[in-house]
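For reference, the structure discussed in these notes is given below.
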Amino acid sequence: MYGGVTRRDFLRLAGGAIGVAALAACAPPAATSGGEGAADTEPIVIRYAGLEGMGATVERFIQPWLEDNGYGWERGSFGQQELTDKIMQSVATNTYLADMFQFPSNARADVIAANALYPIPDYVQDAVNFDDIIPSIVNTLSWGGQVYSLPFDGDVHYYSFRKDLFGDAAVATEFESETGHQLNPETGAVTWDEWRAIAEYFTGRDWNGNSEEDDYGIACMNKRGDTLWWGFHSRATAYAKHPDDPSYFIDVDTGEARVNNPGFVRALTEWVEENQNWAPPGGTGFTYGDSLNAMNGGRVTQTYNWDAVTTAVSSEFSVIQGKQGYNILPGSYEVYDHKGGGWESFAEPSAAPFLAFGGWVIAVSALTDDSVIEHVWDMSIEISKPESGLWFVTNPTGCSPYRYSQLEAIDEFASGTLQLGEEVAKDYLDAAKATLDHPNAVTDQAFGGWVQYRDALELGVSKALAGEAEPETALNEVAAAFDEISDRMGGKERQAELYRLTLGL
Amino acid sequence: MNNMAGAPYGAPAAGESPSVIPPMATQTQAGNSLREMLSFSPRDDVWKWLLLLPSLLMTTVLFVAPVVWTLYAAFTDLHLFRVGIETSFVGLENFQKLLTNTSFWRTVKNTVVFMLGVVPMQFLIGMTLALCLDNVTRGLKLFRTWFLMPLMVSPVVVSFVVGRMLFQEDIGPINSLIRYLGFEGVPWLTDPVWAMFTIMVIDVWQWSSFMILMLMAGLQGVPYDLREAASIDGASFWQTFFRITLPLVMPIAATALLIRIIDAFKVVDIIMVLTGGGPGQATESVTLAIYRAGVKGGDLAFGSSQSYFLLLVMVIFGGAFLVLTRRAMVQTDD
Numbered sequence: 019m020y021g022g023v024t025r026r027d028f029l030r031l032a033g034g035a036i037g038v039a040a041l042a043a044c045a046p047p048a049a050t051s052g053g054e055g056a057a058d059t060e061p062i063v064i065r066y067a068g069l070e071g072m073g074a075t076v077e078r079f080i081q082p083w084l085e086d087n088g089y090g091w092e093r094g095s096f097g098q099q100e101l102t103d104k105i106m107q108s109v110a111t112n113t114y115l116a117d118m119f120q121f122p123s124n125a126r127a128d129v130i131a132a133n134a135l136y137p138i139p140d141y142v143q144d145a146v147n148f149d150d151i152i153p154s155i156v157n158t159l160s161w162g163g164q165v166y167s168l169p170f171d172g173d174v175h176y177y178s179f180r181k182d183l184f185g186d187a188a189v190a191t192e193f194e195s196e197t198g199h200q201l202n203p204e205t206g207a208v209t210w211d212e213w214r215a216i217a218e219y220f221t222g223r224d225w226n227g228n229s230e231e232d233d234y235g236i237a238c239m240n241k242r243g244d245t246l247w248w249g250f251h252s253r254a255t256a257y258a259k260h261p262d263d264p265s266y267f268i269d270v271d272t273g274e275a276r277v278n279n280p281g282f283v284r285a286l287t288e289w290v291e292e293n294q295n296w297a298p299p300g301g302t303g304f305t306y307g308d309s310l311n312a313m314n315g316g317r318v319t320q321t322y323n324w325d326a327v328t329t330a331v332s333s334e335f336s337v338i339q340g341k342q343g344y345n346i347l348p349g350s351y352e353v354y355d356h357k358g359g360g361w362e363s364f365a366e367p368s369a370a371p372f373l374a375f376g377g378w379v380i381a382v383s384a385l386t387d388d389s390v391i392e393h394v395w396d397m398s399i400e401i402s403k404p405e406s407g408l409w410f411v412t413n414p415t416g417c418s419p420y421r422y423s424q425l426e427a428i429d430e431f432a433s434g435t436l437q438l439g440e441e442v443a444k445d446y447l448d449a450a451k452a453t454l455d456h457p458n459a460v461t462d463q464a465f466g467g468w469v470q471y472r473d474a475l476e477l478g479v480s481k482a483l484a485g486e487a488e489p490e491t492a493l494n495e496v497a498a499a500f501d502e503i504s505d506r507m508g509g510k511e512r513q514a515e516l517y518r519l520t521l522g523l
Numbered sequence: 003m004n005n006m007a008g009a010p011y012g013a014p015a016a017g018e019s020p021s022v023i024p025p026m027a028t029q030t031q032a033g034n035s036l037r038e039m040l041s042f043s044p045r046d047d048v049w050k051w052l053l054l055l056p057s058l059l060m061t062t063v064l065f066v067a068p069v070v071w072t073l074y075a076a077f078t079d080l081h082l083f084r085v086g087i088e089t090s091f092v093g094l095e096n097f098q099k100l101l102t103n104t105s106f107w108r109t110v111k112n113t114v115v116f117m118l119g120v121v122p123m124q125f126l127i128g129m130t131l132a133l134c135l136d137n138v139t140r141g142l143k144l145f146r147t148w149f150l151m152p153l154m155v156s157p158v159v160v161s162f163v164v165g166r167m168l169f170q171e172d173i174g175p176i177n178s179l180i181r182y183l184g185f186e187g188v189p190w191l192t193d194p195v196w197a198m199f200t201i202m203v204i205d206v207w208q209w210s211s212f213m214i215l216m217l218m219a220g221l222q223g224v225p226y227d228l229r230e231a232a233s234i235d236g237a238s239f240w241q242t243f244f245r246i247t248l249p250l251v252m253p254i255a256a257t258a259l260l261i262r263i264i265d266a267f268k269v270v271d272i273i274m275v276l277t278g279g280g281p282g283q284a285t286e287s288v289t290l291a292i293y294r295a296g297v298k299g300g301d302l303a304f305g306s307s308q309s310y311f312l313l314l315v316m317v318i319f320g321g322a323f324l325v326l327t328r329r330a331m332v333q334t335d336d
């Protein structure tokens, strides 16, 4: 450096150079040689956002079609809760996330009310044969009579049990003499009382043959911030959902919270006792995965889950292939009648299967560019048409049946990639049909602000599970929180109106 | 260039031939013309501001604007997911709700308990190991790298591997060992007290390294002859430590403690992975509650008021800590 330039001069020059560079960087790109010709060769890019695992499956499935049609593809991958957060934030701030995205159907009020989605055109509905889709699933795709999304996954909770143990004559005899109940290997527990008796009986025994009396009766998803919401409601609906009353979470007329009525209190009281006494250590803080691992690893005899079927056969850690049975969630001889203010007895068990969140759906963003939209609709047809849907539900993708035609496809489930075997496949599809078509099935909470309601309930139930609060006290807190959330979301009447819409009333 | 003391910059040094140096007048003229081009005194300020502008813009966009916007949000009923209803000014309503909300106070208590549990323990472990390593002469670099490693691992990974796998209650290796020894397994993550303890253990494991490194750096600044003189005068180890080493390390120790106190108040990652704030609300921190209300729940107004409350608590704790530390240092100097 020559002597005339000081450090200050150098800084000035550097500053000037950085400024010029910054301006150059901000300048619009120069036209490439060939101009139009170059633009013509650019492929149309379709952008998709979804779960990491399911998104990768969609990508694998759709890749040949994209290549045949010359489309480009970009995929955003997110974790389960992260995806919902991303979608909700993009909706709330009117920011483009992707042309097509996968979202949980119980966020439909928040997403659709914000005009974030294109309605599904009639020709797309015809192309994917909407008449074949089970009505309870159609309800999760629609809002105010208009269809806004396409089916992808008919997620509901199934009851899962160890058919091999329940069919053991010696076990059945001893069980009956000890509990007064009968073990039925075809149905498993048909009431929650039977579920409890089975849970207690099988706890502390060595039925898995490892020479240690350390086996247990149940494993439930109950970790706060994970899937506790679904774990608890699947346990509570049979007591708290009366067949003659459409209300469950809140009153469909007044919007008042119902989650602290005696039906819910009984469910929570029993659930706390079961998880504390008849689940493996740590069983009051199990994630969805923990509960599956306990079942597939042969540690417990009963659970309920979305993916118990596919993971039991496809997981390399599973020791229960061919030993499992499936059914609709257990019911109850007694149901709390909120309007009448008392318990009502039934001659047959009253079931109220929980359509636990109703499944992932795919939708097209209202911010999709006009130049791409036709191609995006083409892709949505390719993903949702019946042949594609059958591929998704009969492969280890995490997707569950949602069409009548899929419920009839026993061979594809029994002998296809999943290799369920005919007996398991039949049990599974019967359970799916009984759940999805049940007249007293409980639609998941889908009115506005569901994330807040979920957090409030998970906090209260988690307190009861940890012994920090009595079940009734905990649920009173939850009910107060529900009412407060309803007020903040625009008032109880407005929430009641949205609830009626989610139920199709 | 080796410039001679006293010689003007650019002038030939003694012993150098003027012929190999450009004529002084020419060089000075070149320098002057460049300087004139760049240095008008009225423009000095312009240049300064131009150079500062990127930093100012960044600070305004990334710090001042969010802080002001958050303050505004705390006085409204702003909600991300409430469609079709106007946002309105609600005065102190959010803060009133905050102060009467027992769940929120539980998170404040959890956060303070966590901070008081982990920071002193990290300081004790850090100081002990730093003192031990201060006497190590061989392999010091290896130890430094070794202790740096926990800091390099993501807290999420630590929580999952150390927390959810090692402390798994049914088949985790720690409980298996405890049962093998004939004791009952410990409910590491499902008992309110044990869950907080487990989270603290993981945080202490990860962040004690930070204390070790900071305190080792501080100890290197303590003159060895001072400690040697004290030893010759008959001072015990503890006398030397409390009268010489600790006071001299105190400025760095105070900085390290303050950083850890602030970090501990903001803890969220470990808790989210390990317990989700449970069992019940036993491990929910204020930051996790803010995340749940504001980011997940869309209640930006309530989340903002919680954020400001946390900021206030941190300022009070941090300020009190600095005042007490300064007093302690002044007393030591006296």
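Residue numbers (our numbering), protein chains in the order written: chain A, 19 to 523; chain B, 3 to 336.
Idealized CB from N, CA, C, for every residue including glycine.
Since the model is a prediction, treat every value here as computed from it, not as a measurement.
Please go through the same chain and pick out, in chain order, the residues whose beta-carbon is closer than 6 Å to the beta-carbon of residue i, but skip the five residues on each side of it.
| i | result |
| --- | --- |
| V109/A | V129, A132 and A134 |
| E352/A | W361 and S363 |
| S167/A | L159, V379 and A381 |
| A132/B | I214, L217, M218 and L221 |
| A464/A | N124, R126, A127 and T520 |
| T328/A | P414 |
| Q283/B | R108 |
| R181/B | G187 |
| L115/A | A67 and S108 |
| K104/A | F96 |
| F193/A | L201 and Y219 |
Give the single residue among the options whose Cα lies nearest to the Cα of residue i.
| i | options | result |
| --- | --- | --- |
| T109/B | G300/B, T242/B, F323/B and G279/B | G279/B |
| M2/B | T113/B, L221/B and L150/B | Given a span of 3 to 336 for chain B in the structure shown, any question on residue 2/B remains unanswerable. |
| G376/A | D117/A, S418/A, A297/A and S389/A | S418/A |
| F121/A | I216/A, H199/A, A370/A and M106/A | M106/A |
| V85/B | R65/A, G466/A, P264/A and D144/A | G466/A |
| N458/A | L84/A, S154/A, E77/A and I62/A | S154/A |
| R284/A | F148/A, A374/A, H251/A and N202/A | H251/A |
| F162/B | I180/B, L100/B, G128/B and Q208/B | Q208/B |
| L69/A | L183/A, V63/A and M118/A | M118/A |
| D549/A | Y471/A, Y422/A, G434/A and R472/A | Outside the shown range of chain A, which is 19 to 523, sits residue 549/A, and nothing can be said about it. |
| V224/B | V195/B, V203/B and I254/B | I254/B |
| S350/A | N279/A, P371/A and S383/A | P371/A |
Going by DSSP in three states, residue i sits in which element: helix, strand or coil?
| i | result |
| --- | --- |
| D455/A | coil |
| V332/B | helix |
| S368/A | strand |
| W324/A | coil |
| S383/A | strand |
| A254/A | helix |
| R262/B | helix |
| R242/A | coil |
| R65/A | strand |
| F106/B | helix |
| A322/B | helix |
Per DSSP, residue i forms a beta bridge with which residues?
| i | result |
| --- | --- |
| D233/A | R223/A |
| D355/A | G360/A |
| Y164/A | Position check: residue 164/A holds Gln in this sequence, whereas Tyr was assumed. In the DSSP output, where bridge partners are listed per residue, Q164/A has W161/A. |
Can you name, in chain order, every residue of its own chain whose Cβ lies under 7 Å from the Cβ of residue i, other than the five neighbours on each side?
| i | result |
| --- | --- |
| W296/A | A217, E218, T221, Y234, G235 and I236 |
| N293/A | C238, N240, G301, T302 and L483 |
| Y293/B | V270 |
In its own chain, which residues sit with a C-beta less than 8 Å from the C-beta of residue i, not counting the 5 before and 5 after it?
| i | result |
| --- | --- |
| M239/A | T245, L246, W248, G249, F304, T305, Y306, D308, S309 and N323 |
| G296/B | L302, F304, G305, S306, Q308 and S309 |
Exercise. Tell me the start and end of each unbroken alpha helix (DSSP H) in the region 134-161 of chain A that is at least 4 residues and wholly inside, in chain order.
Key: Counting whole runs of 4 or more residues, the region 134-161 of chain A contains the alpha helix (DSSP H) stretches 140-145 and 153-159.
Quiz prompt | Start-end ranges of the alpha helix (DSSP H) lying completely within the region 454-509 of chain A, minimum 4 residues | solution = Within the region 454-509 of chain A, the complete alpha helix (DSSP H) segments at least 4 residues long are 468-483 and 489-506, listed from N- to C-terminus.
Practice problem: Mind listing, in chain order, the continuous alpha helix (DSSP H) runs of no fewer than 4 residues lying wholly within the region 385-427 of chain A? | Solution: Runs of alpha helix (DSSP H) with 4 or more residues, each lying fully within the region 385-427 of chain A, are found at 388-402, 404-411 and 422-425, listed in chain order.
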